[in-house]
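Going by the working numbering, the sequence shown opens with residue 1, and the numbers climb by one from there. Don't be surprised by glycine CBs; every beta carbon is placed ideally from N, CA and C. Here the structure is a predicted model, which is why all the values come from computation and not from measurement. Quick notes on the structure that follows.
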Amino acid sequence: MLPFYLLLTLSQVVGIMILILVGYWTGHTLGGYAWDGSGREFNLHPLFMTIGLVFLYGDGILMFRVFRHNSSSKIKIVHLLFHSLALIFACVGLKTVFNFHRVQSFPDMYSLHSWVGLSAFILFVLQWMTGIACFLYPRLRDELRVTYLPLHRYIGVATFAMVIAAACAGINEKLFFVYSGRGDSLKYSALPHGAYIGNFLGFLILLFGLIVGYLVSNSDFRRQTSNPARDGLEEGTLMNTTDQKVN
């Protein structure tokens, strides 16, 4: 289990570095925050989306790995709490970018970043809603839970991968806008200080996604459960209770 805890610790170190770096990048390098339709309001978009759909979403996915020996009912509540907080941050983050575009008369939804990002957000919301319906509603038949479980797991990881891709694309897009070489602006290719920060932030987000992806896909770290339908969001491995009694 040592590799698991090393990787888990590394994921949290990287995650905290991401939060510090995105705060410094948007709050200092890019000029700070406001709620006035200016570029400072736009800065809230990468800040809130990174906190919500990168860090909180990633950690929410890990809950069934971190507490795999605890009561599944409690883990489901923690899992839901993380993803609910992620949803709140993401909603505010989307509000800021659409408001910025409206005030500045910029077109919406024209870039690859926006297409992938909004698709990931929609999938996240659908996943959040169906997860509550399937795994927290007590009267749902176990057969339906078992049937939906593999799809829930796949969509969750796939959506997280889309989030990582959208975040990296968004950072790159922002850097090209800021460092266009027009007027007093430096060129991105010259790698000014802000470009270094943005590149490193994108690299850390990618690294965080890879670590989380490995932790949730490695079967050695999977939750062991005797009833995957009742336990909810983990398949686990069915335990042979007869063998346990013999042993």
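Could you tell me how far apart the beta carbons of residue i and residue j are, in whole angstroms, since I believe they sit closer than 8 angstroms?
| i | j | result |
| --- | --- | --- |
| H152 | G131 | 6 angstroms |
| P46 | K187 | About 21 angstroms; that fails the 8 angstroms criterion. |
| A167 | I205 | 5 angstroms |
| V92 | F160 | Actually they do not touch by this definition, with Cβ atoms about 20 angstroms apart. |
| S111 | M162 | Contact doesn't hold; Cβ gap of about 15 angstroms is too wide. |
Answer with buried or exposed for residue i, where buried requires no fewer than 16 other C-beta atoms within 10 angstroms of its C-beta.
| i | result |
| --- | --- |
| K74 | exposed |
| F176 | exposed |
| Q127 | buried |
| R223 | buried |
| A86 | buried |
| N70 | exposed |
| M63 | buried |
| Y278 | Missing from the structure shown is residue 278; the chain here goes from 1 to 247 and no further. |
| H79 | buried |
| D59 | buried |
| T9 | exposed |
| L6 | exposed |
| F124 | buried |
| S219 | exposed |
In the DSSP assignment, what residue or residues form a beta bridge with residue i?
| i | result |
| --- | --- |
| S105 | Answer by DSSP bridge pairing: none, since S105 is not bridged. |
| K187 | S180 |
Which residues in the same chain as residue i place their Cβ atom closer than 8 angstroms to its Cβ, once the five residues preceding and following it in sequence are excluded?
| i | result |
| --- | --- |
| F121 | L53, A90 and L94 |
| A229 | A caution first: A229 carries a pLDDT of 47, below 50, which makes its placement in the model unreliable, though a value can still be read off. D142, E143, R145, V146 and L149. |
| G37 | N99, F100, R102, V103 and Q104 |
| W115 | M109 |
| S185 | V178 and Y179 |
| G31 | G39, R40 and N43 |
Compare the C-alpha of residue i against each of the options and name the closest.
| i | options | result |
| --- | --- | --- |
| H83 | V116, F106, M49 and S71 | M49 |
| L81 | L136, Q12, S11 and H193 | L136 |
| E41 | T26, I51 and F55 | T26 |
| A34 | W115, K76 and T96 | T96 |
| A190 | F124, Y179 and L19 | Y179 |
| P138 | L8, V14 and K76 | K76 |
| N199 | Y24, I171, C134 and M129 | I171 |
Whose C-beta lies closer than 6 angstroms to the C-beta of residue i among residues of the same chain, with five residues either side of it excluded?
| i | result |
| --- | --- |
| F257 | Nothing can be reported for residue 257, as the shown portion of the chain is limited to 1 through 247. |
| G209 | I164 |
| N240 | Note that N240 has pLDDT 34, beneath the 50 cutoff, so the model's placement of it is unreliable and no number is given. |
| R263 | No answer is possible for residue 263: the residues shown for the chain start at 1 and end at 247. |
Please return the same chain residues whose Cβ sits closer than 7 angstroms to the Cβ of residue i, not counting the five positions on each side in sequence.
| i | result |
| --- | --- |
| R65 | L215, V216 and F221 |
| G156 | I61 and Q127 |
| V22 | P46, L47, T50 and L201 |
| F55 | G15, I18 and L19 |
| A195 | L175, Y179 and Y188 |
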